[in-house]
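S.K.:
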Amino acid sequence: MSVLQPGTGPVSGSHYLDATEKNTSWGLLPNAATRPLLTVASGSSVCLDTLSHEGILPDQGRDPAAFFGRAGIPADQLLRDAVDLAASDLVLDPSLHGPHVVTGPVAVAGARPGDVLEVEVLRLDRRTDYGVISNRHGRGALAGEYPAAPPGHPVGEPVPPVSLVARAEGGTGLLPVGDGRQLRFPLAPFLGIMGVAPATDRPVHSVPPGAHGGNLDIRMLGTGARLFLPVQVPEALFYAGDPHFSQGDGEVALTAFEAPLRATLRLTLHSDPAARRLAARLAGPYAETAEHLLVTGLDEDLDEAVRKATRAALAYLDERCGIPAAVALAYLSAAVDLRISQVVDRVKGVHVTLPRADLTPLLLTVATR
């Protein structure tokens, strides 16, 4: 495939932001003091180029030509914005910053704290046909076990990351085993980071998710999904990044199949009392797909994240369907899956997948319309 360089190829949406240095932040999310790059009306569609941090990070040499060249990716297949960002004088301090590159923020005119910003994923286009899956720094579900030290590695020295370059071919991912074989798996692109600015003027690390959304890493938020974010600051200040070609629930190695996307999103503001009441009760992001209604639980402790997600589901079923808590809890236990979004982002994530088919006949009101 030909790479989608900044400003080239199909650009849909009413507004477009490329992922060049002036339109992105590396390692930190926008906060209440960040100036928006553009302001749009509710209902507008925006097209955002997003960059993967993988292949440009300091522990990978901060030299994408060399990093990807070792995997056989020619220089003419590199994204200019990724190369330029890696070569910039931006300081990325692992003790202060996360790894992620985010595009934005975009202000939504009239948004007030307590409102709800709906982010509808209209289109996701792959910008390359390659990406990276990494395990590093003793992190991931098996922190302390992997990455394993290579033979002859000095005792006590930091273990280098294991970063594997994978390819995309049609709707299939290809991961080399190392002996001539390849693992094949289906692709399902989505944005790991979609969020609004938190109500603080302090630096906001890009890794932990929260009530503002951010690094949710919910793989169900692909094309056609709608994410609902409780607005924290005036004009919302929406941003997106951490693009993935695919991810398994849990994201156990540390990263998913990290690779750049061009995302077209519709931003719609909900200010009605029902939407504000639901957002206040849930106190965090929620979402809808063609088949499911999703609520989230976020906490550093996975057990507490499960409890928060379960409480959010009870509140959702009460608010939207008028189902008493005892009945709702029984229904969750009999028919509903709680899925681990990720266990690697400091704050762990759980999402409850409420089947639309079960609940649509019982809906009292549609709080987000």
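First residue of the sequence shown: 1, per full-length UniProt numbering; consecutive thereafter. All residues carry an ideal CB built from backbone N, CA and C; glycine is no exception.
So what's Gly152 in DSSP terms, helix, strand or just coil?
M.R.: Three-state result, Gly152: coil.
S.K.: Comparing alpha-carbon positions, which option in Asp76, Val119, Asp217, Asp18 lies nearest Ala236?
M.R.: With distances taken between Cα atoms, Ala236 lies closest to Val119.
S.K.: Quick check on the DSSP output: what are the complete beta strand (DSSP E) runs of length 3 or more inside the region 170-194, in order along the chain?
M.R.: Complete beta strand (DSSP E) runs here, min 3: 172-176, 182-186.
S.K.: Roughly how many angstroms separate the alpha carbons of residue 433 and Leu293, rounded to a whole number?
M.R.: Shown here, the chain extends from 1 to 369; a query on residue 433 therefore has no answer.
S.K.: With the cut-off set at 9 angstroms, would you say Glu54 and Thr255 are in Cβ contact?
M.R.: Yes, the Cβ-Cβ distance between Glu54 and Thr255 is below 9 angstroms.
S.K.: Only counting the same chain, and skipping five residues up and downstream in sequence, which positions put a Cβ closer than 7 angstroms to that of Thr200?
M.R.: Closer than 7 angstroms at Cβ, skipping near neighbours: Asn31, Ala32.
S.K.: Assuming Ala107 contacts Thr39 (C-beta within less than 8 angstroms), just tell me the rounded distance between them.
M.R.: Sure, about 4 angstroms apart at Cβ, within 8 angstroms.
S.K.: Report yes if the C-beta distance between Gly322 and Leu362 is below 9 angstroms; otherwise report no.
M.R.: Going by C-beta atoms, Gly322 is nearer than 9 angstroms to Leu362.
S.K.: Terminal residues of the continuous beta strand (DSSP E) containing Glu118?
M.R.: Where Glu118 is concerned, the enclosing beta strand (DSSP E) stretches over 116-126.
S.K.: Using only the alpha-carbon positions, how far apart do Thr172 and Leu124 sit?
M.R.: Taking the straight line joining both Cα atoms gives about 15 angstroms.
S.K.: Looking only at its own chain, which residues have a Cβ that is under 7 angstroms from the Cβ of Leu92, when we skip the five neighbours before and after it?
M.R.: So the qualifying residues of the chain are Trp26, Gly27, Pro58.
S.K.: Can you tell which of Gly114, Ile73, Gln60, Ala109 has its C-alpha closest to the C-alpha of Pro99?
M.R.: The residue with the shortest Cα to Cα distance from Pro99 is Gln60.
S.K.: Can you tell me whether Arg339 is helix, strand or coil according to DSSP?
M.R.: Arg339 falls in the strand class under three-state DSSP.
S.K.: Which of the three DSSP states, helix, strand or coil, is assigned to Gly9?
M.R.: Of the three classes helix, strand and coil, the one that applies to Gly9 here is coil, per DSSP.
S.K.: For the alpha helix (DSSP H) containing Val306, list its first residue and its last residue.
M.R.: Looking at the DSSP string, the run of the alpha helix (DSSP H) that includes Val306 is 302-321.
S.K.: In the DSSP assignment, find the beta strand (DSSP E) that holds Ala263 and state where it starts and stops.
M.R.: Element bounds for Ala263: 261-270.
S.K.: Just confirm the distance between the C-beta atoms of Phe257 and Ala334, as a whole number of angstroms; I'd bet it's less than 8 angstroms.
M.R.: That belief does not hold up - the Cβ atoms of Phe257 and Ala334 are roughly 34 angstroms apart, past 8 angstroms.
S.K.: Which runs of the alpha helix (DSSP H) at least 4 residues long sit entirely within the region 69-107? Give them in chain order.
M.R.: As far as the region 69-107 is concerned, its whole alpha helix (DSSP H) runs of at least 4 residues are 80-87.
S.K.: From the DSSP output, in three-state form, read off Tyr331 for me.
M.R.: It is helical.
S.K.: The alpha helix (DSSP H) that contains Leu278, what's its start and end?
M.R.: That run of the alpha helix (DSSP H) goes 273-282.
S.K.: So, is Leu96 buried or exposed, given that buried needs 16 or more other C-beta atoms within 10 angstroms?
M.R.: That one is exposed.
S.K.: At what residues does the alpha helix (DSSP H) containing Arg356 begin and finish?
M.R.: Counting along the chain, the alpha helix (DSSP H) containing Arg356 begins and ends at 356-359.
S.K.: Grouping DSSP H, G and I as helix and E and B as strand, with all else coil, what is Asn31?
M.R.: Correct three-state label for Asn31: coil.
S.K.: Gly224 to Val121, Cα distance in whole Å?
M.R.: C-alpha separation (whole angstroms): 5 angstroms.
S.K.: If we ignore side chains and look at the alpha-carbon of each, how far apart do Arg126 and Val327 end up?
M.R.: If I take the Cα positions, the gap works out to 44 angstroms.
S.K.: Figure out for me which residue from Lys308, Leu117, Asp49 has the closest Cα to the Cα of Thr268.
M.R.: For the residues Lys308, Leu117, Asp49, the minimum Cα distance to Thr268 belongs to Leu117.
S.K.: So for Asp242, helix, strand or coil by DSSP?
M.R.: Of the three classes helix, strand and coil, the one that applies to Asp242 here is strand, per DSSP.
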